[in-house]
Amino acid sequence: MARARKSLVVLTGAGVSADSGVQTFRGGGGLWEGHRVEDVATPLAWARDPRLVWRFYQLRRRALRSVEPNAAHRALAQLERELAARGVPFLLVTQNVDDLHDRAGSSVLHMHGELVQLRCERCGAKVRELEHLEPEEYVPCAACGHARVRPDIVWFGELPYFMDEIERALLGCTHFVSIGTSGVVYPAAGFLSLARHAGARTWVNSLEAPENLDPRDEFRAGRAIDVVPALVDELLREL
Ligand code: APR
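In terms of the working numbering, the sequence shown opens at residue 34 and continues consecutively.
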């Protein structure tokens with residue numbers, strides 16, 4: 034029987050950006066420790082108290098200016114370049130709304146949206162900008178003149194982006210890597226088992242074992258900046 038053509042899918046979560054100084058969501062000092070998800074990350078919260086929600090995301094947008102990609106982001110960008118040169122299909126998917134993969138040079142699918150992108154709540158027009166960062170001032174829509182755009186973030190209760198493309202890649206991949214995610218928020222938390230059931234070899238990096246870890250996964254405990262560059266070397270030998 035012919036061997037399946039090799040391909041790789043990598044999923045990242047908040048842990049990949051932790052060493053750049055971006056707060057994770059869960060665990061000591063995590064973003065959700067100080068906020069109730071229902072107050073800042075749902076469509077209902079935006080309808081009920083847009084000022085609170087806007088302020089929350091404006092502060093996070095502003096924080097992007099003071100962080101830089103780290104060795105894990107850079108190693109994944111290098112991996113993408115090397116695999117492209119070899120013609121090996123590769124897909125990087127992130128749950129993160131920061132722009133650190135992009136700035137490291139990766140092409141990445143932001144399944145939960147992006148802080149640099151705003152979307153008009155009325156006409157849907159999107160604008161990429163990190164200039165209007167005043168927490169107390171809304172940004173008007175340049176396309177339709179509506180007084181208020183919203184963050185282009187996928188909130189709880191909304192459908193993640195790019196799901197068809199991601200599922201196609203997962204079902205066809207031979208190698209899958211999960212980095213820095215606690216494996217509790219679906220559908221992303223289901224990607225690991227989907228890839229495993231599709232026959233892929235699976236690696237997981239995180240500080241502690243995530244919820245969705247299985248004994249068949251190769252678990253590499255530790256900080257992404259320490260683990261990912263070596264894992265990338267290993268993947269390049271495999272692929
Ligand atoms: N290196 C590697 N992993 C790390 C590091 C690090 N330096 N620091 C923390 N981690 C790991 C933690 O052990 C944990 O498993 O990263 C994970 C972070 O988990 P969460 O804070 O739950 O983040 P994430 O899984 O990305 O959250 C998923 O939840 O609230 C939503 O939409 C939000 O996209 C987010 C989703």
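For each residue, glycine too, the CB sits at the ideal point set by N, CA and C.
Which one or two residues does DSSP pair with residue i in a beta bridge?
| i | result |
| --- | --- |
| Ile186 | Gly146 |
| Phe123 | Leu41 |
| Cys156 | Bridge partners of Cys156: none, in fact. |
| Thr235 | Phe209 |
| Arg161 | Gln150 |
Whose C-beta lies closer than 6 Å to the C-beta of residue i among residues of the same chain, with five residues either side of it excluded?
| i | result |
| --- | --- |
| Val73 | Val86, Phe89 |
| Leu264 | none |
| Arg107 | Ala137 |
| His179 | Cys153, Arg155 |
| Leu44 | Val126, Ser211, Phe224 |
| Phe209 | Val42, Ala228, Ala233, Thr235 |
| Leu204 | Ala231 |
| Pro102 | Leu133, Arg136, Ala137 |
Grouping DSSP H, G and I as helix and E and B as strand, with all else coil, what is residue i?
| i | result |
| --- | --- |
| Met34 | Annotation note: pLDDT 46 at Met34 (below 50); position unreliable, coordinate value reported separately. Coil. |
| Val130 | coil |
| His230 | helix |
| Ala47 | coil |
| Glu251 | strand |
| Val175 | With the sequence shown as reference, residue 175 is identified as Ala, and Val is not the correct amino acid for it. Reduced to three states, the DSSP call for Ala175 is coil. |
| Leu240 | coil |
| Gly54 | coil |
| Gly62 | coil |
| Asp82 | coil |
| Ala137 | helix |
| Glu191 | coil |
| Pro102 | coil |
| Pro220 | coil |
| Arg181 | coil |
| Ala117 | helix |
| Leu203 | helix |
Compute the minimum distance between the beta carbon of residue i and the heavy atoms of the ligand SAM, and state whether it is under 7 Å.
| i | result |
| --- | --- |
| Met144 | The model on display carries the ligand APR but not the ligand SAM. |
Might you give, ordered along the chain, the residues of its own chain that have their beta carbon closer than 7 Å to the beta carbon of residue i, omitting 5 neighbours on each side?
| i | result |
| --- | --- |
| Gly190 | Thr75, Pro76 |
| Glu147 | Val130, Asp132, Asp185 |
| Phe252 | Val237, Ala242, Leu246 |
| Gly48 | Thr57, Ile212, Gly213, Thr214, Ser239, Leu240, Ala257 |
| Pro122 | Ser40 |
| Trp79 | Val86, Arg183 |
So, at 8 Å on beta carbons, what are the nonlocal neighbours of residue i in its own chain, with the 5 sequence-adjacent residues on each side left out?
| i | result |
| --- | --- |
| Ala175 | Ala158, Val160 |
| Arg114 | Gly138 |
| Glu244 | Ser215, Gly216, Val217, Ala222 |
| Val100 | Ser50, Ser53, Gly54, Val55, Asp131, Leu133 |
| Arg119 | Leu272 |
| Pro168 | Trp87, Arg88, Gln91, Leu92, Arg95 |
| Tyr194 | Leu142, His143, Met144, His145, Gly146, Val187 |
List the endpoints of the continuous alpha helix (DSSP H) containing residue i.
| i | result |
| --- | --- |
| Pro168 | It is not in any alpha helix (DSSP H) - Pro168 carries neither H nor E in the DSSP assignment. |
| Arg69 | Run containing Arg69: none; DSSP gives neither H nor E here. |
| Ala263 | 257-271 |
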